[in-house]
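S.K.: This note's numbering numbers the first residue of the sequence shown as 39 and each following residue consecutively. Yeah, the Cβ is synthetic: ideal placement off N, Cα and C, and Gly gets one too. No experiment lies behind these values; they were computed from the predicted model shown. Input: one structure, supplied below.
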Amino acid sequence: MPRLVIEQYDPLKGQMLQLLDEKGSLSGKHQPMLSDEEALRLYKVMRLCRVMDQKALAMQRQGRMVTYVPTAGQEAASVGAIAALRKEDWVVPAFRETPGQIARGMKLSEVLLWQRGNEQGFSVMPSYRMMPVAVPVGSQTLHAVGISWAMKLRKEPLVAMTFFGDGGTSEGDFHEAMNFAGVFQTPTVFVCQNNQWAISVPRSLQSASKTIAQKALAYGFSGVLVDGNDLFAMHLAAKEAAEKARSGLGPTLIEAFTYRLGAHTTADDPRKYRKEDDVKAWIPRDPLVRLKLYLEKRRLWSEEQERSHHEECDAKVEEAVSEMERTVYEEDAIFMHHFAEMPPHLQEQYEEFRREAR
Ligand SMILES: Cc1ncc(C[n+]2csc(CCOP(=O)(O)OP(=O)(O)O)c2C)c(N)n1
Ligand SMILES: [Mg+2]
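Printed below as a string of C-alpha cells:
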C-alpha cells in the first residue's frame, strides 16, 4: 500500500492537510478525490444546510422550536467526511450534526424533529445507516466502536464514522473508545469537529496537547490534523481513513480544524465570553465562500445559479418545515427508541406514564 496522504502530516508538529486555500485555489501538493460534478453537488448540499440553519434559528426565535444547535461554518467538515462513505457504512453523530444528517440523505422534515421537542426525532433510522444524535457529550464514540467491532466480527467490510467536539475529547468515554478501537483494531473513523469552543470553554483550556489529532498516537493508531473548512481535504482524509479501516488496518482520528460561527445553542450568548474580532477573522475562511470561489473560477458556478439554487433551497426548507409541523407528536416516543426490547424498569415507568396520561 503506498504511503497514505494522511500519514504524511505529523500531528505532533501541528502539520495540517489543506488542499483548497482561502482564495479558492488548489495550493497544496494533493489533488481532490472528487470530480467537478461531485464538488458541485456537495456545494449545493452545503448551501442547503446553511439555509436550513438560518431558517431553524429564526423558527426558534418565533417559538416554533424548543432549541436549536447552530452549525454555520462547520458544513465542510461533516459533508466532506460523509461523502467519503458507502451507504452501508454507519454514521454516529453528536448533536451538532444537522449537516451530516442532510448529507446522509435524511428527510429534511425529520432532521429538525428532535430540536422541536418531538422524541420521534431520536429514533434509529436504519435506512440512512445513521444513529440518532447523542446529547451526552462524547458517549457516541463508544457506540461507534461497538458498531464497528460488530461489523468486524461479522466480517462485513464496513466502517463506522463518529463525530464529536473538542469538548468531547475530555470525556472518559472518548478515551475508552479510542483505547478499545486501538487494541481491537476496529474499523472506526473518529472525526473531531474542533470548532475551538465547548460552550464557553476555549480549546486552550480543553487540553494541553498541541493538537487533538496527536491523541491517536497514544492509542496506537494514526491521527491527522485537517483543515475542516476545506471540503476537499476533509473528503480526502475521510476517504483514506475509511478505506484503511475497510481493509482491516484499523481506526484513524481526524481532527477537523474549524470554527463555530454561531452561538453554542439558542440558549447561549457568546458575546459574553468571546471577542467579536475573533469571529470576524474566521469569516473569510467560511467553507462555503471558499468552495464557491473555486467553482466560479472553474466556470462551474455563477451568481445567477447561486440565486436560483438559493431560491430552491428556501422552497425545500419551507416545505420541510410545514411537513415537520404537521408531524404528530407521539407522547410514548420517549420510551420507544433506546432498547430493542423494553427492560423491566422502563416497562414499569411506561405503564405508570400511561395510567397518568389517561
Ligand atoms: C456528559 C455531558 N456533560 C455536559 C453536557 C452539557 N454540554 C452540552 S454541549 C457541551 C459542550 C460540548 O462541546 P464540544 O464537545 O466541543 O461540542 P460543540 O458543542 O462545540 O459542538 C456541554 C458541556 C452534556 N450534554 N453531556
Ligand atoms: Mg466544540
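Are the region 150 to 170 and the region 216 to 227 in contact at 8 Å, needing three or more beta carbon pairs?
M.R.: As far as the Cβ criterion goes, the region 150 to 170 does not touch the region 216 to 227, which means the pair count is below three.
S.K.: Can you find a heavy atom of ligand 2 that lies under 7 Å from the Cβ of Ala-251?
M.R.: no
S.K.: If you check the beta carbons only, do Lys-282 and Leu-42 fall under 8 Å apart?
M.R.: yes
S.K.: Quick check: what's the CA-CA separation for Phe-160 versus His-375?
M.R.: 7 Å
S.K.: Look up Thr-200 in the DSSP assignment and say whether it is helix, strand or coil.
M.R.: strand
S.K.: For ligand 2, any of its heavy atoms closer than 7 Å to the Cβ of Trp-320?
M.R.: no
S.K.: Judging by CA-CA distance, which residue of Ala-371, Glu-278, Ala-358 is the nearest neighbour of Leu-146?
M.R.: The residue with the shortest Cα to Cα distance from Leu-146 is Ala-358.
S.K.: What I want to know is whether the C-beta of Ala-271 ends up closer than 7 Å to one or more non-hydrogen atoms of ligand 1.
M.R.: no
S.K.: Reducing DSSP to helix, strand and coil, say where Met-163 ends up.
M.R.: strand
S.K.: Just to confirm before moving on: does the CB-CB distance between Leu-80 and Ala-110 stay below 8 Å?
M.R.: Their beta carbons are not under 8 Å apart, which means Leu-80 does not touch Ala-110 by this criterion.
S.K.: With respect to 7 Å, is the separation between the Cβ of Phe-202 and the closest non-hydrogen atom of ligand 1 below this value?
M.R.: Within the chosen limit of 7 Å, ligand 1 reaches the beta carbon of Phe-202 through at least one heavy atom.
S.K.: Which residues bound the alpha helix (DSSP H) around Asp-352?
M.R.: It spans 341 to 364 - the alpha helix (DSSP H) in which Asp-352 sits, taken as one unbroken run.
S.K.: Determine whether the beta carbon atoms of Pro-289 and Val-239 lie at a separation below 8 Å.
M.R.: no
S.K.: Are at least three pairs of beta-carbons, each pair with one atom in the region 347 to 357 and one in the region 331 to 338, less than 8 Å apart?
M.R.: no
S.K.: For Val-173, count the other beta carbons within 10 Å of its own beta carbon; 16 or more makes it buried, fewer makes it exposed. Which is it?
M.R.: Label assigned to Val-173: exposed.
S.K.: With respect to the beta strand (DSSP E) encompassing Ser-260, which residues constitute its N-terminal and C-terminal limits?
M.R.: 260 to 265
S.K.: Any chance the CB of Asn-233 is under 7 Å from a heavy atom of ligand 2?
M.R.: yes
S.K.: Along the chain, where does the alpha helix (DSSP H) containing Thr-290 start, and where does it finish?
M.R.: From DSSP, Thr-290 is part of no alpha helix (DSSP H) but of the beta strand (DSSP E) over 290 to 295.
S.K.: In chain order, which alpha helix (DSSP H) runs of at least 4 residues are fully inside the region 94 to 163?
M.R.: Counting only runs of 4 or more, we get 113 to 120, 136 to 141, 146 to 149, 151 to 154.
S.K.: For the alpha helix (DSSP H) that Val-221 lies in, which residues bound it at each end?
M.R.: 210 to 222
S.K.: Whole-angstrom Cβ separation of Ala-132 and Val-171, contact assumed at under 8 Å?
M.R.: 7 Å
S.K.: For Asp-204 and Gln-234, which I take to be in contact (beta-carbon distance under 8 Å), what is that distance rounded to the nearest angstrom?
M.R.: 7 Å
S.K.: For Asp-74, does the count of other Cβ atoms within 10 angstroms reach 16, so buried, or fall short, so exposed?
M.R.: exposed
S.K.: Any idea what DSSP makes of Thr-226, helix, strand or coil?
M.R.: Three-state DSSP puts Thr-226 in a strand.
S.K.: As a quick exercise: from Ala-115, Met-90, Ser-116, Gly-118, pick the residue whose alpha carbon is nearest that of Tyr-106.
M.R.: Met-90
S.K.: Say the cut is 7 Å; is the CB of His-181 nearer than that to a heavy atom of ligand 1?
M.R.: Every heavy atom of ligand 1 is 7 Å or more from the Cβ of His-181, so no.
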